[in-house]
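Enquirer:
Number of protein chains: 2
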Amino acid sequence: MLVLKAKRIEGKGEFVIASPALLESGKISFEMPVKIKAGDHSVVAFAQAIENIVPPDHIGISPELMEKLGLTDGAPVTILQRRPPPSYDLVKKKAFGGKWEKSDIYTIVNDIRKREYTDYELEMFVLAQFFKGLASDELEYLTRAIAESGVRLSFDEPAYDKHSIGGIPGNKVTLLIVPIVAAAGLLIPKTSSRAITSPAGTADTMEVLAPVEFSKEEIEEMAPKARGMIIWGGGLDLAPVDDILIKHVKRHIGVDPKDQMMAAIIAKKLALGIDRLVIDLPTGRGAKLTTEKEAMEFGHDVVNLCRRVAIHAEAVITHGEQPLGHAVGPAIEAREALSTLMGKGSSSVLEKSAEIAGILLEMGNVAPPGKGYELAKEYVSSGKALKKFKEIIEFQGGNPNTTPDEIPLGPYRETYLAHRNGYISRIDNRIISLAAKAAGAPESKGAGLWIHSKMGDFIKQGDVAITIYSDSEHKLSQALNILETYPPFSAEGSVIYRISGLRGESQPGNVIPFEEPI
Amino acid sequence: MLVLKAKRIEGKGEFVIASPALLESGKISFEMPVKIKAGDHSVVAFAQAIENIVPPDHIGISPELMEKLGLTDGAPVTILQRRPPPSYDLVKKKAFGGKWEKSDIYTIVNDIRKREYTDYELEMFVLAQFFKGLASDELEYLTRAIAESGVRLSFDEPAYDKHSIGGIPGNKVTLLIVPIVAAAGLLIPKTSSRAITSPAGTADTMEVLAPVEFSKEEIEEMAPKARGMIIWGGGLDLAPVDDILIKHVKRHIGVDPKDQMMAAIIAKKLALGIDRLVIDLPTGRGAKLTTEKEAMEFGHDVVNLCRRVAIHAEAVITHGEQPLGHAVGPAIEAREALSTLMGKGSSSVLEKSAEIAGILLEMGNVAPPGKGYELAKEYVSSGKALKKFKEIIEFQGGNPNTTPDEIPLGPYRETYLAHRNGYISRIDNRIISLAAKAAGAPESKGAGLWIHSKMGDFIKQGDVAITIYSDSEHKLSQALNILETYPPFSAEGSVIYRISGLRGESQPGNVIPFEEPI
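One line per chain: the protein sequences are A and B, in this order.
Mapping of the first sequence onto the numbering used here: position 167 corresponds to residue 167, and the numbering continues sequentially without gaps.
Basically the numbering used here = 1-based index in the second sequence + 518.
(1) Can you pull the chain B residues whose beta carbon is under 8 Å from the beta carbon of Y88 (chain A), in chain order?
(2) Taking CB distances under 9 Å as the criterion, tell me whether Y930 (chain B) reaches chain A.
(3) Please check if any C-beta of chain B sits within less than 9 Å of the C-beta of K475 (chain A).
(4) Comparing the CB of P408 (chain A) with every heavy atom of the ligand HEM, is any distance shorter than 8 Å?
(5) Counting contacts by CB-CB distance shorter than 9 Å, is I50 (chain A) in contact with chain B?
(6) Taking just the CA atoms, how far does V534 (chain B) sit from L134 (chain A)?
(7) Is E641 (chain B) near V767 (chain B), with beta carbons less than 9 Å apart?
(8) Mind pulling the chain A residues with CB within less than 8 Å of F548 (chain B)?
(9) Can you look up M642 (chain B) in the DSSP assignment and give me helix, strand or coil?
(10) Shorter than 9 Å from the beta carbon of F131 (chain A) to some beta carbon of chain B?
(11) Could you name the residues of chain A that A613 (chain B) contacts, counting a contact when the two beta carbons are closer than 7 Å?
(12) Counting contacts by CB-CB distance shorter than 9 Å, is L127 (chain A) in contact with chain B?
(13) Between I311 (chain A) and Q840 (chain B), what straight-line distance do the alpha-carbon atoms span, to the nearest angstrom?
(14) Three-state secondary structure (DSSP) at A38 (chain A)?
(15) Which partner residues of P707 (chain B) appear in the DSSP bridge assignment?
(16) Roughly how many angstroms separate the alpha carbons of L480 (chain A) and K632 (chain B), rounded to a whole number?
(17) Starting from T485 (chain A), follow its DSSP beta bridges and name the residues at the other end.
(18) Using a Cβ-Cβ cutoff of less than 6 Å, which residues in the same chain neighbour E1034 (chain B) once the five nearest sequence positions on both sides are dropped?
(19) Using the beta-carbon count (16 or more within 10 Å), is G791 (chain B) buried or exposed?
(20) How about Y1015 (chain B): is its C-beta nearer than 9 Å to some C-beta of chain A?
(21) Evaluate contact between the region 694 to 711 of chain B and the region 734 to 747 of chain B, counting only Cβ atoms and requiring at least three cross-stretch pairs below 8 Å.
(22) Taking Cβ positions, are V572 (chain B) and K525 (chain B) nearer each other than 9 Å?
(23) When the distance is taken between beta carbons, is L80 (chain A) closer than 9 Å to K35 (chain A)?
(24) What's the gap between the Cα of G74 (chain A) and the Cα of P960 (chain B)?
(25) Looking at the secondary structure, which residues open and close the alpha helix (DSSP H) in which T291 (chain A) lies?
(26) Report the rounded CA-to-CA distance for V109 (chain A) versus P922 (chain B), giving the unit in angstroms.
(27) Got a sec, what are the start and stop residues for the alpha helix (DSSP H) S621 (chain B) sits in?
(28) Measure the beta-carbon distance from H844 (chain B) to H970 (chain B) and round it to whole angstroms, keeping in mind my assumption that it falls under 8 Å.
(29) Is it true that the CB of P800 (chain B) sits closer than 9 Å to the CB of G685 (chain B)?
(30) Exposed or buried, Q461 (chain A), counting other C-beta atoms within 10 Å across all chains shown (16 or more means buried)?
(31) Looking only at DSSP bridge pairs, what is P282 (chain A) linked to?
(32) In this structure, how does DSSP classify Y678 (chain B) when only helix, strand and coil are distinguished?
(33) Just to confirm the assignment, what range does the beta strand (DSSP E) spanning G940 (chain B) have?
(34) With a CB to CB cut of under 8 Å and the five nearest residues on each side skipped, what residues in its chain are close to V1013 (chain B)?
(35) Tell me, please, whether the CB atom of M490 (chain B) is closer than 9 Å to any CB atom in chain A?
(36) Based on DSSP bridge pairs, tell me the residues matched to G60 (chain A).
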């Protein structure tokens, strides 16, 4: 048994460093994972062999792992050549065509939570589900196990929620739906994500108007009073196993298995104590779901899963072929949402928000069946939703009197002009997202795009089609360069796809035409 | 575009180190792979953020990567946020149910060879094949593309070979087959592997008697003269894409897709210029192939693949339920092989060697159909095979006069005694391998086991069942401890399996009952 002294090595993330001399001694194989144990704690890691950082009787450990191990500098640690946890055999059972029992799934999820799996094994876990699919009982147990892997909230009354599976830029409807539903008296403690690959997550956009980070206890206390909140869910340790899978597998492989995605979404809802839910499925070229058939199937499956875990849910298929509204980027989306609540914004944003809020109002018996949409629009036109939104902003610690024009946008601006005449038949979500990110979104709140013309509009060559905002002249020119190189608009009669091997339609959402410069 | 200066950081393997300040600047995402470019060279890497190693305008690079990039200390390098290579879409095409064209496979394999893939993407490539399977044309193209990814040998006459898919300890038949076949005048330039997970690879065993590392040019020149060679194939850059897949995926996931395995084996034979081949498929509990049905299917598939790439092949199913012969470990196996050629060794080793060599003799028209086995045995009994083996040892630079007793074994010895009376019904390959490795094999050539009793033998409680050899008293006791804890013998009437969740029969070869102490 190899016992070494821990040496804290400053840096970010998870790393373990040994001396090359230790490697040469043959006492440890650096090419296979090792298990580092200290008392009751252990982590699994691949060690790097770097000269002049640690003596051979020490092992260098990053601060993040030191903390996880409860170690102090110089303390003894035990190094073992690590073997896969026994539950990995259950993963392989599924891969070889077997079926998971409830206890199999809980055992695997628990080991993932304890970080017993390498990234290789996690990928096998994800891909076994992708390729073999899950029966509905397996999916239910997976969902429950993921939900139970972290913090759970509970409320004394039914909690409402909406969820979009994402994939389209500019989807700021949460900033309208929450105030409408809360104005009707229902409880809607909405957690959202920050952008991972998109130019603005709902939490990024709300953060322009008010703080979004709260603890479990704060949410449980504040939400029933405010009736609605729009907060960042990422800091709450909700369904942490899904975060592990995203960080260590999903974002690296360009594939998000449908069952995994459903389990992750609904597990978070379960952990949040949600009882009633509308799931928005934006569908179309350039969205996550590309065909109505696919969306229908996903919708039925996710509603069925919700029924199994006692969440009353409806799924709605919405247009996902172009960005929603005109704004893409945190600050500019906050402007558009606020304007729309004030009655002078985008009709598409208002319509979609009212449709989804309406269903929640019907679920809560605030509106009779079939009348939710109208009632939702009334909450906006009467100003009640705007009033509630200001209350929510104030409750979360923001300034309720901010007007849309006061929200600062990036000082550097550039316009992208239409290349030819025609009716717009498509706006490529991927190119819009890439350009907004190149301009600096979401890190730079003021960076983003305003899309002047939408599908069905007639544009003339030389018209201003998009305005770009950025905090940096360099980023501005990079964003413009993307739009000029990969025109985002297709006009009727123009070439829609160039089949070059670089941009294929067969795997929408995953084909990036170039390496993104930093 | 981010341009930094390269700083060489001494250490082993592939690593890239940035300063945490650079990470905080947001100019680079350390959680996603970056592409590091210098002139025409580039590598894909995940960077670590470690304090006090490199200034923010530098990037630390390991010597191995410096060399790959053709960099000198202080030279400028360009850092890009790396995107998957376009060919990764072809991998996903397969994952989503599509079929690979010839050009798809060549493009993917070429990008893997250039190290454009992350480990995550490589695993997807391997698992897409595992879960979706390959049609016979896909398998042929994959085999050819892997063969063409590295060095290729060629001979002016038909070259013969044998290959065992491994999985059982003690399989030293190559040391008999090569001399027999070469004694008959056929050309058999046999490359073997060193042990990866087993206690002795054929190259480790041969190395006890003679050097095994030769260049492509040396082999092409020497083999036609010697008629037979037994050499290490690992240093030749044969089918390097398979080495990449083993190192970066297969040994981490505990699954070796059948198609991948076949493509890798036959690609190496193609690269070596082999024309005639016998494939040994050890079958039984504890071997890679567990049932005859599975082995028959594998055999038909691999012979069919050989036909498509113009290799005349036969597959033989052999007993894989226990170690072959009595010796396990490099030096002790060399002893047993040499003794058997001298006519005083294990009958099972002689029989299996003669069966396989006999088929090669028939393929080469040295023996008439059905008479190869007898002729092979004649080569042994007449001493011609031993004479040829000594010539081969001398040709490769070893001492041809070494006798079995002169081959040194580990000085520390211990015996494992039978626990009860009975006929041996099974010897667990996995436990035997683990114990031999614990004793120090294959790094310590003299470490290993001598198994006194084999399946069908009657043993009495207290009989010496196994002798353990080691260079270290500590390792000796660890090896004994493994045998005492996990008895390797099952006797008729004894309990064969204890179903404890730690040792399952459902995934043979992959279940290790404990974490192996270093």
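Backbone N, C-alpha and C fix where the C-beta goes; we use that ideal spot for every residue, glycine too.
Expert: In this structure, then:
(1) Residues of chain B with a Cβ closer than 8 Å to the Cβ of Y88 (chain A) are, in chain order, G772.
(2) No, no contact with chain A.
(3) For K475 (chain A), not one C-beta of chain B is nearer than 9 Å to its own C-beta.
(4) What this structure holds is no ligand at all, so the ligand HEM is not there to describe.
(5) For I50 (chain A), the closest Cβ of chain B is nearer than 9 Å.
(6) Cα-Cα distance, rounded: 39 Å.
(7) Yes. Within cutoff.
(8) Per Cβ cutoff of 8 Å: K12 and G13.
(9) In the structure shown, M642 (chain B) sits in a helix (DSSP, three-state: H, G or I).
(10) Judged by the 9 Å Cβ criterion, F131 (chain A) is in contact with chain B.
(11) Here the neighbours are V255.
(12) In terms of beta-carbon proximity, L127 (chain A) lines the interface with chain B, with at least one pair separated by less than 9 Å.
(13) So the two alpha carbons sit approximately 55 Å from each other.
(14) Strand.
(15) Bridge partners of P707 (chain B): B:M747.
(16) Approximately 32 Å, taken between the alpha carbons.
(17) Bridge partners of T485 (chain A): none, in fact.
(18) Here E1034 (chain B) scores only 35 on pLDDT, less than 50, and its place in the model should not be relied on; the value that follows carries that caveat. Cβ within range, chain order: n/a, list empty.
(19) It is buried - the Cβ of G791 (chain B) has at least 16 other Cβ atoms within 10 Å.
(20) Residue placement at Y1015 (chain B) is poorly supported in this model, since its pLDDT is 38, which falls under 50; the coordinates still yield a value, given next. Cβ-Cβ to chain A under 9 Å: no for Y1015 (chain B).
(21) Result yes; three or more Cβ-Cβ pairs closer than 8 Å.
(22) Contact flag set, yes.
(23) Yes, the pair counts as a contact, with Cβ atoms nearer than the cut-off.
(24) Going from the Cα of G74 (chain A) to the Cα of P960 (chain B) covers about 34 Å.
(25) First-last for T291 (chain A): undefined, no H or E at that position.
(26) Near 53 Å, if we compare the C-alpha coordinates of P922 (chain B) and V109 (chain A).
(27) Per DSSP, the unbroken alpha helix (DSSP H) holding S621 (chain B) starts and ends at K620 to R631.
(28) Confirmed, Cβ separation roughly 7 Å.
(29) Going by C-beta atoms, G685 (chain B) is nearer than 9 Å to P800 (chain B).
(30) So Q461 (chain A) counts as exposed.
(31) In the DSSP output, where bridge partners are listed per residue, P282 (chain A) has A:T318.
(32) Correct three-state label for Y678 (chain B): strand.
(33) G940 (chain B) -> beta strand (DSSP E) spans G940 to I945.
(34) Note that V1013 (chain B) has pLDDT 44, beneath the 50 cutoff, so the model's placement of it is unreliable and the number below is only indicative. Contacts found: none.
(35) Any question about residue 490 (chain B) goes unanswered here, given that chain B covers just 519 to 1036.
(36) Beta-bridge partners of G60 (chain A) (DSSP): A:K7 and A:I17.
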